[in-house]
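One structure is given below, encoded as structure tokens.
Residue numbers (the working numbering): 175 to 463.
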């Protein structure tokens, strides 16, 4: 089949709409509100194949900055890998993967992606190997439930989130930096009702409650605060465990578990430095693209 590769689609309303339609069909997500909020910049670069004006396949490149054990690292994450059902088995995704790797692998310390169970055998063909993650779960005897939920439609509360997000997470071994646009993507969608302020610790917590478990996606505050107090304040009464969506430098009081999730499997490009080799670690949930 004939297909044309486009790399600059964000400012073309027709191309962007076709890309968005494919994303909705494949993942049930839309990027349009994120674009209209001014967050789709050079931090998200789709490589999209079009046929007859229709977006048929895509691999997106996200340049990122991390800090691991206080050392800066540059990274590229591949994401939004998708091909329309009628266009599969034509080698489109393979062509895009080869193109993306050729143009981006030399410009970063790390190169990685996340895959679901249907494509676990696909990525090793391009030099990726599966990397295991570990999560920290903190048993607790209930939460306080006294954190204030932020309403991000209020300009002052939105500014409060943005100010704290710039401080990042001082308790994490691995944290993403300069990631406001990605944080805004999450807080405008799946975590719209999951942004809380703990005034006594001057901390913002991104979390969701799942029965007796609170999943803490991230904490934004200065380093001298008390993470235990922050977590307990954000958790609801009746909470029995807090799952951290990031890996803490201090694992005291935590149960460290290997993550077994074939629908969100981490793949790392061979030949690149791999921070997960030889140590338990979790990739921050808020850094998934």
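Even for Gly, the Cβ is constructed at its ideal location relative to N, Cα and C. Bear in mind the structure is a predicted one, so any value in this text is a computation, not a measurement.
Open item on the list: By DSSP's criteria, residue 221 is part of a beta bridge. Which residues make up the other side?
Closed with: As a working mapping, residue 221 is identified with position 47 in the chain shown. Answer is 233.
- [ ] Using beta-carbon positions only, say whether residue 233 and residue 282 come within less than 9 Å of one another.
- [x] As a first step, residue 233 must be located in the chain shown, where it is residue number 59. As a first step, residue 282 must be located in the chain shown, where it is residue number 108. No. Outside cutoff.
TODO: Flag this pair as touching only if the region 393 to 409 and the region 342 to 354 have three or more C-beta atom pairs under 8 Å; answer yes or no.
DONE: yes
Task: Residue range of the unbroken alpha helix (DSSP H) whose run includes residue 270 - done: Residue mapping note: residue 270 aligns to position 96 of the chain shown, counting from 1. Note, residue 270: alpha helix (DSSP H), 266 to 278.
TODO: Examine the Cβ distances between the region 371 to 383 and the region 320 to 336 and report whether three or more of them are shorter than 8 Å.
DONE: yes
- [ ] Apply the 10 Å Cβ neighbour rule to residue 243 and answer buried if 16 or more other Cβ atoms are within range, or exposed otherwise.
- [x] Translated into the one-based positions of the chain shown, residue 243 becomes position 69. Residue 243 is exposed by the Cβ-count criterion.
Task: Limits of the alpha helix (DSSP H) - the one that residue 183 falls within - done: Within the chain shown, the letter at position 9 stands for residue 183. Element bounds for residue 183: n/a, residue is neither H nor E.
TODO: Please report the Cβ distance between residue 286 and residue 442, rounded to the nearest whole angstrom; I am assuming they are in contact, meaning their Cβ atoms lie under 8 Å.
DONE: The count along the chain shown starts at 1 and reaches residue 286 at position 112. The count along the chain shown starts at 1 and reaches residue 442 at position 268. That belief holds up - the Cβ atoms of residue 286 and residue 442 are roughly 5 Å apart, short of 8 Å.
Open item on the list: Suppose the cutoff is 6 Å on Cβ atoms and the five residues either side in sequence are ignored; what does the same chain contact list for residue 278 look like?
Closed with: Against the chain shown, residue 278 aligns to sequence position 104. Closer than 6 Å at the Cβ level, and outside the excluded window around residue 278, lie 235, 250.
Open item on the list: Let's test the definition: count the other Cβ atoms within 10 Å of the Cβ of residue 358 and tell me whether it reaches 16, buried, or not, exposed.
Closed with: Numbered from its first residue, the chain shown carries residue 358 at position 184. Residue 358 should be labelled buried.
TODO: Can you grab the Cα-Cα spacing for the pair residue 183 / residue 269, in whole Å?
DONE: Locating residue 183 in the chain shown gives position 9, counting from the first residue. Locating residue 269 in the chain shown gives position 95, counting from the first residue. Each residue's alpha carbon lies about 19 Å from the other.
Task: Touching by the beta-carbon criterion (3+ pairs, under 8 Å), the region 287 to 297 and the region 351 to 367 - done: The answer is no - the region 351 to 367 does not touch the region 287 to 297, with fewer than three Cβ pairs under 8 Å.
TODO: Compute the beta-carbon to beta-carbon distance between residue 461 and residue 356, rounded to the nearest angstrom, for a pair I have assumed lies under 8 Å.
DONE: Against the chain shown, residue 461 aligns to sequence position 287. Against the chain shown, residue 356 aligns to sequence position 182. Going by Cβ atoms, the distance from residue 461 to residue 356 rounds to 7 Å, so yes, they are a contact pair.
Task: Nearest candidate by alpha-carbon position, reference residue 312, set 198, 187, 422 - done: Sequence index remark: in the chain shown, residue 312 carries index 138 (1-based). Answer by Cα proximity: 422.
TODO: Assign residue 211 to one of three DSSP states: helix, strand, or coil.
DONE: For this step, residue 211 is matched to residue 37 along the chain shown. Coil, per DSSP.
Task: Separation of residue 237 from residue 259, as counted between CA atoms - done: Along the chain shown, read from residue 1 onward, the residue named residue 259 stands at position 85. Along the chain shown, read from residue 1 onward, the residue named residue 237 stands at position 63. Rounded to whole angstroms, residue 259 to residue 237 spans 28 Å at the Cα level.
- [ ] Look at residue 420 and residue 458 and say whether their C-beta atoms are less than 9 Å apart.
- [x] Walking along the chain shown from the start, residue 420 turns up at place 246. Walking along the chain shown from the start, residue 458 turns up at place 284. Yes, the pair counts as a contact, with Cβ atoms nearer than the cut-off.
Task: Completely contained alpha helix (DSSP H) runs for the region 287 to 341, where each covers 4 or more residues - done: 329 to 339
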